[in-house]
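When the letters of the sequence shown are read in order and numbered with the working numbering, they come out as residues 1213 to 1600.
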Amino acid sequence: MDFNRKAMIFSVSVLGLSLTIFLFAYMVFGDNTDEDLRTLRQVNMLLCYQLIFRHGAKYPDRAYRKDYLHQEIQASDPGSLSLSGSLQMYNLGELLRHRYIKLFPNNGFYSKKFIQVKSSWMDRTIASALSFLAGFMPPLQNTNPLPIPWQPVPVVSIARDRDDLIAQKRACARYDEVYKAQMNSEEIKAIDERSKNLYKILSKNTGENISSIRDVEFLQNTLEAEEAASWEIPDWTEDFYPSKTLPLAERYLRLLTETPFMKRIKGGPLITEIIETMVARKNQLSEKAISIYSGHDVTLVNVMNAMHILNQTSGKPDFAAALAIELHLSLDHKNDMDVKIYYYFNSEDKYPKSIKIPSCDSPCSLDRFRKVMNGLIVNDFEKLCETA
């Protein structure tokens, strides 16, 4: 073969290889912005991940008096996680597994050093946590001693009377006083006055005494659960649910953290624990990489409203909605780390919404995040709850 032919073959080979490399690079990076590439690089810089989610779809807690689905509700184990709700949580776990698998122990097994899971005392939140974990943390195939792709991961449930983190039912006399004052505020009285005709119609159709936004929130929850169970809700609801009931239910949920004090009592304890976990991880005092909190719609609303990010998410979170708080090594803040927050609207949400942290640059440094949230920190719950 002459020299010119060899040279031509070599040139074509080099050109082909160059085109292959170019096309591969384009497929991987071509449609990404600089910010996208920055995000891709920082995936490997994730140190700590904390997740708060609402339980999956449930059966109604109870029927209203004129509810023709009364028998179905009684036969369904009222208030418990439904089969579709269990699948929602499994799907959410499987979805998030792909995002956070690099935080798992190398052998794929649960270790209390690396992961903690907490739940409120309700059966549906415990069952939701277990369903989530089945999708989130199945064992590696070559290390699994069981005949099913599952491993036991402990879920710590918090007794109702001690729970200031998730269900947030721990007694607080001062909070109760402020809550009553808010329910009797001029704004809420005006809402009730404007809604008198709606309350009258709802009372007539349900057989219940619907006279406040709190009562409407109960009805919203019942109809929401019946609909999630694929039960046919009555025709009379079409003009009111969810178009008129949902805004009132959302207003009631916001009222629970209306004032700075209410935000601190209801959202502060969990935010305090989340910050403490991140600080310990930053200072290498803990290997805890994953913290999971299985809660309720009110858990998410209280935390998000306390953080002033509720307007970026859902006024009444859907079943299996989730808030993720991540701690990253920082490219921007020397000797500090970055805090990032994402919101999943439901278990099918493959592209979570990036949340802007108020009064903080993007990315938000951990030190700045602590300062922004300082007014929510709770060190002595009982002292805060003392009345004058």
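C-beta: ideal position from N, C-alpha, C; glycine also. These numbers were taken from a predicted model, which means no experiment stands behind them.
From this set, the options, which residue's C-alpha is nearest residue i's C-alpha?
i: tryptophan 1333; options: Pro1364, Phe1321 and Arg1374; result: Arg1374
i: proline 1351; options: Leu1377, Leu1467, Asn1319 and Ile1338; result: Asn1319
i: valine 1551; options: Thr1418, Ser1542, Ile1285 and Asn1558; result: Ser1542
i: arginine 1493; options: Glu1429, His1545, Gln1283 and Ile1327; result: Ile1327
i: histidine 1540; options: Ala1518, Leu1578, Phe1531 and Ile1569; result: Leu1578
i: asparagine 1417; options: Ala1440, Glu1450 and Val1329; result: Glu1450
i: glutamate 1538; options: Cys1576, Asn1586 and Lys1412; result: Cys1576
i: glycine 1268; options: Asp1289, Arg1406 and Met1301; result: Met1301
i: glycine 1347; options: Leu1596, Glu1306 and His1545; result: Glu1306
i: arginine 1426; options: Ala1379, Pro1446, Leu1467 and Tyr1387; result: Leu1467
i: tyrosine 1505; options: Leu1522, Val1491, Leu1482 and Val1584; result: Leu1482
i: aspartate 1335; options: Leu1308, Asp1273, Tyr1387 and Arg1309; result: Asp1273
i: histidine 1545; options: Ser1574, Phe1557, Phe1531 and Asp1404; result: Ser1574
i: proline 1564; options: Arg1382, Ala1383, Ser1397 and Ala1532; result: Ala1532
i: methionine 1585; options: Lys1408, Thr1484, Glu1389 and Ile1422; result: Thr1484
i: glycine 1587; options: Met1474, Leu1315, Lys1330 and Arg1309; result: Met1474
i: isoleucine 1378; options: Asp1592, Ser1331, Trp1448 and Tyr1554; result: Ser1331
i: valine 1491; options: Leu1410, Lys1583 and Val1329; result: Lys1583
i: serine 1397; options: Asp1530, Ser1424 and Asn1409; result: Ser1424
i: aspartate 1530; options: Arg1406, Leu1315 and Glu1560; result: Glu1560
i: asparagine 1303; options: Asp1447, Met1349 and Lys1408; result: Met1349
i: tyrosine 1391; options: Ala1536, Pro1472 and Leu1299; result: Pro1472
i: serine 1526; options: Arg1406, Glu1389 and Phe1557; result: Phe1557
i: aspartate 1404; options: Val1428, Gly1419 and Ala1536; result: Val1428
i: leucine 1460; options: Phe1344, Arg1406, Pro1446 and Ile1553; result: Arg1406
i: lysine 1562; options: Leu1345, Thr1337 and Arg1309; result: Arg1309
Compare the C-beta of residue i against all C-beta atoms of chain C and say whether one is closer than 9 Å.
i: proline 1472; result: In the structure shown, chain C does not exist; there is a single protein chain.
Alpha carbon to alpha carbon, how far is residue i from residue j?
i: leucine 1235; j: isoleucine 1313; result: Unreliable placement is indicated for leucine 1235, whose pLDDT of 41 sits below 50; no coordinate value is reported for it.
i: serine 1442; j: leucine 1435; result: 11 Å
i: serine 1292; j: histidine 1508; result: 13 Å
i: lysine 1478; j: proline 1361; result: 38 Å
i: phenylalanine 1241; j: glycine 1297; result: Low local confidence applies: a pLDDT of 42 at phenylalanine 1241 is under 50, so the model's placement there is unreliable, and no value is given.
i: proline 1364; j: lysine 1401; result: 50 Å
i: histidine 1520; j: proline 1570; result: 7 Å
i: glutamine 1353; j: lysine 1324; result: 21 Å
i: asparagine 1495; j: valine 1513; result: 30 Å
i: lysine 1278; j: isoleucine 1285; result: 13 Å
i: histidine 1282; j: leucine 1431; result: 14 Å
i: methionine 1395; j: tyrosine 1464; result: 9 Å
i: methionine 1516; j: lysine 1456; result: 23 Å
i: leucine 1462; j: proline 1359; result: Per the sequence presented here, residue 1462 reads as glutamate, with leucine not at that position. Cα to Cα, the separation comes out at about 45 Å.
i: arginine 1217; j: proline 1317; result: Low local confidence applies: a pLDDT of 47 at arginine 1217 is under 50, so the model's placement there is unreliable, and no value is given.
i: arginine 1476; j: serine 1415; result: 35 Å
i: isoleucine 1487; j: isoleucine 1370; result: 20 Å
i: arginine 1372; j: glutamate 1399; result: 31 Å
i: threonine 1251; j: threonine 1355; result: With a pLDDT of only 46 at threonine 1251, under the threshold of 50, the placement of this residue in the model should not be trusted, and no figure is reported.
i: tyrosine 1411; j: proline 1357; result: 58 Å
i: alanine 1534; j: phenylalanine 1265; result: 4 Å
i: valine 1590; j: leucine 1596; result: 8 Å
i: tyrosine 1555; j: methionine 1257; result: 20 Å
i: lysine 1408; j: asparagine 1421; result: 12 Å
i: proline 1454; j: glutamate 1444; result: 15 Å
i: alanine 1600; j: threonine 1511; result: 28 Å
i: alanine 1601; j: phenylalanine 1321; result: Outside the displayed range of the chain (1213 to 1600) lies residue 1601, so it cannot be described from this structure.
i: aspartate 1388; j: valine 1329; result: 29 Å
i: glutamate 1439; j: threonine 1337; result: 19 Å
State the beta-bridge partners of residue i as determined by DSSP.
i: lysine 1330; result: Val1368 and Tyr1505
i: histidine 1540; result: Leu1258 and Asp1550
i: lysine 1270; result: Leu1293
i: alanine 1534; result: Phe1265 and Tyr1556
i: lysine 1565; result: Tyr1555
i: serine 1571; result: Answer is none; serine 1571 lacks a bridge partner.
i: leucine 1577; result: Residue 1577 is actually serine in this sequence, not leucine. Answer is Asp1550.
What residues in its chain sit with their C-beta under 6 Å from that of residue i, if we drop five residues either side in the sequence?
i: glutamine 1524; result: Ile1567
i: alanine 1339; result: Leu1293
i: alanine 1518; result: Thr1469, Lys1475, Gly1479 and Leu1588
i: alanine 1275; result: His1282 and Ile1285
i: phenylalanine 1593; result: Asp1376
Within the same chain, show all residues whose beta-carbon is closer than 7 Å to that of residue i, passing over the 5 residues directly before and after it, in chain order.
i: leucine 1342; result: Val1367
i: phenylalanine 1581; result: Val1551, Ile1569 and Cys1572
i: leucine 1458; result: Gln1432 and Lys1528
i: glutamate 1470; result: Gln1394
i: tyrosine 1271; result: Ile1285, Ser1288, Asp1289, Pro1290, Gly1291, Ser1292, Ser1294, Ala1437 and Ala1441
i: leucine 1231; result: Low local confidence applies: a pLDDT of 43 at leucine 1231 is under 50, so the model's placement there is unreliable, with the coordinate-based value given in what follows. So the list is empty, once near-sequence residues are dropped.
i: aspartate 1548; result: Ser1542, Ser1577, Leu1578 and Asp1579
i: glycine 1419; result: Tyr1276, Arg1277 and Lys1278
Quick one: what's got a C-beta closer than 8 Å to residue i's C-beta in the same chain, skipping five residues either side?
i: threonine 1489; result: Cys1260, Gln1262, Ser1498, Lys1500 and Ser1503
i: isoleucine 1413; result: Phe1452
i: glutamate 1618; result: Within the shown structure, residues of the chain are numbered from 1213 to 1600, placing residue 1618 beyond reach of any answer.
i: leucine 1522; result: Arg1466, Val1513 and Met1516
i: arginine 1382; result: Asp1373, Arg1374, Asp1375, Asp1376 and Phe1593
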